[in-house]
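Chemist: Numbering (the numbering used here), first residue to last: 6 to 404. Where is the CB? At the ideal position from N, CA and C, for every residue including glycine.
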Amino acid sequence: MTACSTPSRRTGFMKGRDSGNLAGLHLVRMAGGFGVVATAGIALSVLIALVTVLQPFHVRVPPSFPAKRAACTSSAMQIVAHADDDLIFQSPDVLHDVEAGRCVRTVYVTAGDAAKDDLYWKGREEGSRAAYAHMAGVPNIWTTADAGVPGRSIQLETLVGAPGISIVSMRLPDGSRAGAGMLVHHFESLRRLWDGAITSISTVDGSATYTGTSLRETLAELMTTFAPTTVRTQDWTIPFGTGDHADHIATALFVQQANRDFRTAHTIYAYGGYPTWTRRPNVFGADLEEKRNAFRAYAAHDSMICLSLWCLDDLAWSSRLGRQYVTASESTGNPARGPGVKVTAASENAASGQTAGRAVDGVALGYPIDDTTGGPPSAAPEGAGSSWTIPLRRRSTAR
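(1) Thinking C-alpha only, which one of 119, 126, 309 and 160 is nearest residue 111?
(2) Buried or exposed for residue 173, please, with buried defined as at least 16 other CB atoms from any protein chain shown within 10 angstroms of its CB.
(3) Buried or exposed: residue 419, going by 16 or more other Cβ atoms within 10 Å of its Cβ?
(4) Using 8 angstroms as the threshold, is the C-beta distance between residue 469 and residue 302 below it?
(5) Report the rounded CA-to-CA distance for residue 255 versus residue 227, giving the unit in angstroms.
(6) When the Cα of residue 88 is compared with those of 127, 232 and 103, which residue comes out closest?
(7) Identify every run of the beta strand (DSSP E) within the segment 228-263, keeping only runs that are complete inside it and at least 3 residues long; order them along the chain.
(8) Taking the Cβ atom as the reference point for each residue, do residue 337 and residue 270 lie within a distance shorter than 8 angstroms?
(9) Which whole runs of the beta strand (DSSP E) in the segment 72-126 are 3 residues long or more, in chain order?
(10) For residue 115, which residues from the same chain have a beta carbon less than 8 angstroms from its beta carbon, with the 5 sequence-adjacent residues on both sides left out?
(11) Could you give the C-beta distance for residue 136 and residue 300, rounded to a whole number, given that I count them as a contact under 8 angstroms?
(12) Would you mind reading off the limits of the beta strand (DSSP E) that contains residue 292?
(13) Which residue or residues does DSSP assign as beta-bridge partners of residue 331?
(14) Taking only the alpha-carbon atoms, compute the straight-line gap between residue 189 and residue 225 and give it to the nearest angstrom.
(15) Buried or exposed for residue 147, going by 16 or more other Cβ atoms inside 10 Å?
(16) Tell me the rounded alpha-carbon separation between residue 187 and residue 165.
(17) To the nearest angstrom, how far is the alpha carbon of residue 272 from that of residue 155?
(18) For residue 133, name the three-state secondary structure that DSSP assigns.
(19) Out of curiosity, what's the CA-to-CA distance linking residue 290 and residue 304?
(20) Output needed for residue 109: all residues of its chain with C-beta closer than 6 angstroms, excluding positions within five of it in sequence on either side, in chain order.
(21) Restricting to runs no shorter than 3 residues, where is the beta strand (DSSP E) found entirely within the segment 149-235?
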């Protein structure tokens, strides 16, 4: 068991790794080209960023989260390129899952090392542990084991106070923003592996080497072993060189490919990355505050993030905390229609076919858009609806 120290808290934060983001005077110049609407949008982004910087750090223990949880009724897995991608681009969805007591496992495909030594990427891993402990409201103490993929040495860490929360670190090299790779790693990168420019890629700690095929198989095995009903990854819908980090896109493409080998009923979601900062803010209030606090817990361990008020050249980055966008999704099976699932409703009308089972028929567009599926609620108390219960499955730990 490894005990991790509680992270120090510092006011404000700014991302230092992508210093090319426009802010301040640059934002004003950009606004002139887009007119009044764009100016208002950018001004709102700057305002959110300033509020993020200036508001104090508050620790809130989720009231519904038990001190220690041995089992969960549902699960979610995030597979992202770098430590912090989940905190920035997939929250508050991840935050809500943690607070709701779901099993949550996050897989970091690269070390996010930025061509620096192991002290840097190990600090980022510590930051991720601190962020999840903060979201769970439990001490930052974790156990370490192997992820259990045959023939692979992959670190799995479990949060002691909330054992439904775990982190997997694959530690492949950071491929740089454009995906060309870095000299220290012999120009190996996920993008070049996906494109076929290289045939294999090795981890920064020398623990494993992957081909494109074996990486896909490993990701599929990680999903199959954990059996999540929700899988989150990054944006596979945009091409390389269109504003997002190449590691984000390559990770998403490999995960989308591996997802085809994961047969358990689930839905996989693609989340937008860097380009989402140009879209309308959609994270506010308590969600924004808790998202910011979790990111600060992480940032205290990432030496390339500026936590000082004078780092105003990166306001565009900080504004991303105010956004979370799903760009695509794919579903496999229908968990609500599986064996042993019981569907109940406050009311139903068998004569018209508006039964409880229609609520989980796998069709998203029901009444009033498509009245051939589902149906309008009949005379039911306000707030009443349908619910379904999935029987828990026991999975053998033998391999």
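Modeler: Looking at the coordinates:
(1) Comparing C-alpha distances from residue 111 to each of 119, 126, 309 and 160 shows the shortest one belongs to 160.
(2) Buried: at least 16 other Cβ atoms inside 10 Å.
(3) In the structure as shown, the chain starts at 6 and stops at 404, and residue 419 therefore has no counterpart that could be examined.
(4) Residue 469 lies beyond the range of the chain shown here (6 to 404); nothing can be said about it.
(5) Their backbone Cα atoms lie some 18 angstroms apart in a straight line.
(6) Ranking the options by Cα distance to residue 88, first place goes to 127.
(7) List check, beta strand (DSSP E) in window: 235-239.
(8) The Cβ atoms of residue 337 and residue 270 lie closer than 8 angstroms to each other.
(9) Secondary structure in the segment 72-126: the beta strand (DSSP E) runs of 3 residues or longer, each lying completely within the stretch, are 80-85 and 108-115 in chain order.
(10) 86, 87, 175, 176, 177, 178, 179, 180, 195, 252 and 256, listed in sequence order.
(11) Here residue 136 really is in contact with residue 300; their C-beta atoms are around 7 angstroms apart, less than 8 angstroms.
(12) Run containing residue 292: none in the beta strand (DSSP E); it sits in the alpha helix (DSSP H), 290-304.
(13) Secondary-structure assignment with DSSP links residue 331 through a beta bridge to 276.
(14) Spanning the alpha carbons of residue 189 and residue 225 requires a straight line of approximately 29 angstroms.
(15) By the neighbour-count rule (16 or more Cβ atoms within 10 Å), residue 147 is buried.
(16) Roughly 36 angstroms between the two C-alpha positions.
(17) Straight across, the Cα-Cα distance linking residue 272 with residue 155 is about 25 angstroms.
(18) DSSP, reduced to helix, strand and coil, places residue 133 within a helical segment of the structure shown.
(19) Between residue 290 and residue 304, the C-alpha separation is close to 21 angstroms.
(20) Cβ within range, chain order: 81, 102, 103 and 170.
(21) Counting whole runs of 3 or more residues, the segment 149-235 contains the beta strand (DSSP E) stretches 160-164 and 170-177.
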